[in-house]
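Okay, so here's the structure we're looking at.
There are 2 protein chains.
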Amino acid sequence: MPPARPPHPPVSSIDVARLAGVSQSAVSRAFSPGASVSPKMRAKVLEAAAALGYRPSVIPRIMLSGRSRMIGIVVGGLDNPFYAAVLDHFATALQTRGLQTLMMRVPHALSLDGALDQLAGYRVDAVVTALAVGSRQAASALSALRIPIVCFNSRLTAPWISTIRSNNRAAGRLAAELLADRGVRRAAWLAGPADSAAARERGRGFADGLAARGLLPPIVLAADDSYDGGYAAMGALMHREPPPAGLFCSNDLMACGAIDALRARGLSVPGDVLVAGYDNIPQAAWHGYDLTTFDQQAEQMAAAALELLDDPATATGGQSRTIPARLIERGSTSGLIT
Amino acid sequence: MPPARPPHPPVSSIDVARLAGVSQSAVSRAFSPGASVSPKMRAKVLEAAAALGYRPSVIPRIMLSGRSRMIGIVVGGLDNPFYAAVLDHFATALQTRGLQTLMMRVPHALSLDGALDQLAGYRVDAVVTALAVGSRQAASALSALRIPIVCFNSRLTAPWISTIRSNNRAAGRLAAELLADRGVRRAAWLAGPADSAAARERGRGFADGLAARGLLPPIVLAADDSYDGGYAAMGALMHREPPPAGLFCSNDLMACGAIDALRARGLSVPGDVLVAGYDNIPQAAWHGYDLTTFDQQAEQMAAAALELLDDPATATGGQSRTIPARLIERGSTSGLIT
DNA sequence: TTGTATGCGTTATCAC
DNA sequence: GTGATAACGCATACAA
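This is the structure in structure tokens:
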């Protein structure tokens, strides 16, 4: 028994050739832009193709060329608008170049290699991920697949693995200086989950910046990487002690939660507390938050990733590009405390 | 000259067979779960495969089986958290079943057929889209592709095209009743873009519900389908006349904008104006908005779509399923106006 | 310009 | 349990 075919098999070039009374290669040529076909032949083929509803399959092309024109993208949850924006920009950029987006959603950073195994089976030309590659051991497993991989905001580079990063540490320093300039003497750092290297760098930069101004180290709050996490952490802090005058959050989602927690306790932002975040998600610009933040410029990150992948010399990995985060100053840090 | 191959061709089963000194079919069997291979043979093959970094390609399997195990999903912009959530749930559901997500992002609903042409070339097993199929003419073009298509919130069904809908009209009525029960005598409807059939139904239901209570028809505000659209439309209304006591918005994003516009004018929600939205995006639950809304239950919509596609009898289209929207009552409609 | 033949990497069938 | 072989749909080198 032959392998089970789908109930409605797609029309093949042979079907079209039969109907048009020509060879199968003629059909192929009629659909190939630069091929040598007489206009008459092309017309005959296209007519038969239209009658049957024929679409050339790219699958055999993948076998012949060894390139699928599909790029795998691995994301960890689109409930954070920043990741949704990254995916959005990336898919748009890929389509402009005639590439497809094979998307995988993974629950944890740990499942990255499992996802990559599957993507490798589909022979994706490259993989882009917002997830960090945790260990050097995981990296060598990925290197073994010999598929170009670009990570956003991961420190690590390796054969076949490149990195696009935001200048997290400098941004953290800048946040500290901004708050200090506004008169903040006592600041807090709302840290994300411990496994994010990028968030750690932002926190370190923030502490550096405070120290450079002769201020005390920040109160460090650990929280879940979400609106609720920011809300809960800020609420918990205020049970114990008076809130600091300045708050820097490892992302905007947490910052929005923190702001709402402060306001729920009757405090004003920026009247009583200045707040800054990171990512510049759309909600940061909403009038209810008007949040000062750092724009990671997702569009440029996507462009940089494709640039790395386009060039055979850099596609084999080991590259690192830094896209500077731009400070977006808004109302949440405009209150002047003196 | 043979066709240009990529600089680093993937390892094939023949390479593994050569290294292990076995036949190529033995390699295939070693990687097929239920095949008859001796443990010794399997071990030998797996060792050689690991040494070379071999991953079986699914591309030839697609050619033989006629099924790619890829589902195309066409979305129109992830800046709306609702669409991001739909995509998120869908990708998760697909992965649970071992299916891949081939994502396409299209600028306008008009480009749906262009996107489908490309997806057809990749021989996706089905297509799911949150975009509405505009005309019956467009539908017949899609039907010709003979690929199962599931549309969210489109009215139209056709051969190969099924629909998963929210009970928009009933929800609109319910919104009207809720506001009327709270003492609203004069209400407004913040309509989305004209091309959304779902939004139109919500508005019609809202008008129906107001009429059933003997109230005047709603003030209709046309706006862009976004936060800024809601903000601008609400702001413009207040330039002309006093705001209505109740507002129903065709989606949450616009509702958030409208709330911020009201507050920017010194009005309170829900103190002065009651507001309800649609979609139950995460931001609706944020404490700053606390927005009453209708949950479209994206997870169930995704499940229903897969159920339609799983059954060969329903995969060929013409089906319609309704997932009831659940009213989520929050603080934005809690003010009692008497 | 057009037709014929070959190969891409895998699975299924058949003979051993 | 194992190896040889056909087939999937298309693009290409070559022959006509």
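Line order of the protein sequences matches chains E and G.
Here the UniProt record's numbering is used: the first residue of the first sequence is 1, the next is one more, and so on.
Here the UniProt record's numbering is used: the first residue of the second sequence is 1, the next is one more, and so on.
Even glycine gets a Cβ: it sits at the ideal position worked out from N, Cα and C.
According to DSSP, is residue i part of a helix, a strand, or is it coil?
i: residue 356 of chain E; result: Beyond the ends of chain E as shown, which are 1 and 338, falls residue 356 of chain E; an answer cannot be given.
i: Ala-223 of chain G; result: coil
i: Thr-316 of chain E; result: coil
i: Thr-157 of chain E; result: coil
i: Ala-126 of chain E; result: strand
i: Val-150 of chain G; result: strand
i: Asp-272 of chain G; result: coil
i: Met-1 of chain G; result: Residue placement at Met-1 of chain G is poorly supported in this model, since its pLDDT is 44, which falls under 50; the coordinates still yield a value, given next. Coil.
i: Asp-279 of chain E; result: strand
i: Asp-106 of chain G; result: The displayed chain sequence assigns Val, not Asp, to residue 106 of chain G. If DSSP states are grouped into helix, strand and coil, Val-106 of chain G belongs with coil.
i: Ser-162 of chain E; result: strand
i: Gly-21 of chain G; result: coil
i: Arg-321 of chain G; result: strand
i: Pro-9 of chain G; result: coil
Are the CB atoms of residue i and residue j nearer to each other than 8 angstroms?
i: Trp-286 of chain G; j: Cys-151 of chain E; result: no
i: Gly-209 of chain E; j: Ala-258 of chain E; result: no
i: Phe-248 of chain G; j: Leu-179 of chain G; result: yes
i: Ala-35 of chain G; j: Val-27 of chain G; result: no
i: Ser-57 of chain G; j: Pro-10 of chain G; result: yes
i: Ser-166 of chain E; j: Ala-305 of chain E; result: no
i: Ala-261 of chain G; j: Ser-332 of chain G; result: no
i: Ser-250 of chain E; j: Tyr-231 of chain E; result: no
i: Leu-116 of chain E; j: Leu-142 of chain E; result: yes
i: Lys-197 of chain E; j: Leu-221 of chain E; result: Note on identity: in this sequence residue 197 of chain E is Ala, with Lys being the wrong assignment. Their beta carbons are not under 8 angstroms apart, which means Ala-197 of chain E does not touch Leu-221 of chain E by this criterion.
i: Ile-147 of chain G; j: Val-133 of chain G; result: no
i: Ser-334 of chain E; j: Pro-242 of chain E; result: no
i: Arg-263 of chain E; j: Met-238 of chain E; result: no
For residue i, count neighbouring C-beta atoms within 10 Å of its own C-beta (all shown protein chains included) and say buried if the count is 16 or more, exposed if not.
i: Gly-114 of chain E; result: exposed
i: Arg-123 of chain E; result: buried
i: Leu-87 of chain E; result: buried
i: Met-1 of chain E; result: Only weak support exists for where Met-1 of chain E lies, its pLDDT of 46 falling under 50; the value from the coordinates is given anyway. Result: exposed.
i: Thr-322 of chain E; result: exposed
i: Gln-137 of chain E; result: exposed
i: Gln-319 of chain G; result: buried
i: Gly-313 of chain E; result: A small fix is needed here, since residue 313 of chain E is Ala in this sequence, not Gly. Counting Cβ neighbours within 10 Å, Ala-313 of chain E comes out exposed, since fewer than 16 surround it.
i: Glu-47 of chain E; result: exposed
i: Asp-295 of chain E; result: buried
i: Pro-6 of chain E; result: exposed
i: residue 340 of chain G; result: Beyond the ends of chain G as shown, which are 1 and 338, falls residue 340 of chain G; an answer cannot be given.
i: Glu-201 of chain E; result: buried
i: residue 346 of chain E; result: Because chain E in this structure spans residues 1 to 338, residue 346 of chain E falls outside the shown range and cannot be described.
i: Lys-44 of chain G; result: buried
i: Gly-106 of chain E; result: The sequence given here places Val at residue 106 of chain E; Gly does not occur at that position. It counts as buried.
i: Ala-236 of chain G; result: exposed
With residue i as the anchor, note down where its alpha helix (DSSP H) starts and where it stops.
i: Phe-82 of chain E; result: 81 to 96
i: Leu-174 of chain G; result: 168 to 181
i: Pro-257 of chain E; result: Reading off the sequence, residue 257 of chain E comes out as Gly, not Pro. Unbroken alpha helix (DSSP H) run through Gly-257 of chain E: 252 to 264.
i: Leu-306 of chain E; result: 298 to 310
i: Arg-61 of chain E; result: 59 to 65
i: Ala-144 of chain G; result: Note, Ala-144 of chain G: premise wrong, no alpha helix (DSSP H); not H, not E.
i: Gly-335 of chain E; result: Where Gly-335 of chain E is concerned, there is no enclosing alpha helix (DSSP H), given that its DSSP letter is neither H nor E.
i: Pro-39 of chain E; result: 39 to 52
i: Gly-121 of chain E; result: 112 to 121
Can you give me the start and stop residues for the beta strand (DSSP E) that residue i sits inside?
i: Asp-295 of chain E; result: 293 to 295
i: Gly-246 of chain E; result: 246 to 249
i: Ala-187 of chain G; result: 187 to 191
i: Gly-72 of chain E; result: 70 to 75
i: Leu-327 of chain G; result: 326 to 328
For the stretch 98 to 119 of chain G, which residues have a CB atom closer than 8 angstroms to at least one CB atom of chain E, in sequence order? Gln-100, Thr-101, Leu-102, Met-103, Met-104, Arg-105, Asp-117 and Gln-118
Interface residues of the stretch 2 to 22 of chain E facing chain G [CB-CB below 8 angstroms]: Pro-3, Ala-4, Arg-5, Pro-6, Pro-7, His-8, Pro-9 and Pro-10
When you check each C-beta in the stretch 77 to 97 of chain E against every C-beta of chain G, which residues fall closer than 8 angstroms? Gly-77, Leu-78, Asp-79, Pro-81, Ala-84, Ala-85, Leu-87, Asp-88, Ala-91, Thr-92 and Gln-95
Contacting positions in the stretch 237 to 257 of chain G - beta carbon closer than 7 angstroms to chain E: Cys-256
Interface residues of the stretch 145 to 166 of chain G facing chain E [CB-CB below 7 angstroms]: Leu-145 and Arg-146
Chain E contacts made by the stretch 216 to 235 of chain G, where a contact means CB separation under 8 angstroms: Tyr-227 and Tyr-231
With 8 angstroms as the limit, tell me which residues of the stretch 276 to 298 of chain G have their beta carbon closer than that to any beta carbon of chain E; keep them in chain order. Pro-282, Gln-283, Trp-286, His-287, Gly-288 and Tyr-289
Short of 9 angstroms Cβ to Cβ, which residues in the stretch 256 to 274 of chain G face chain E? Cys-256, Gly-257, Ile-259, Asp-260, Ala-261, Arg-263 and Ala-264
Given a limit of 8 angstroms on CB to CB distance, which residues of the stretch 46 to 61 of chain E reach chain G? Gly-53, Arg-55, Pro-56, Ser-57, Val-58, Ile-59 and Pro-60
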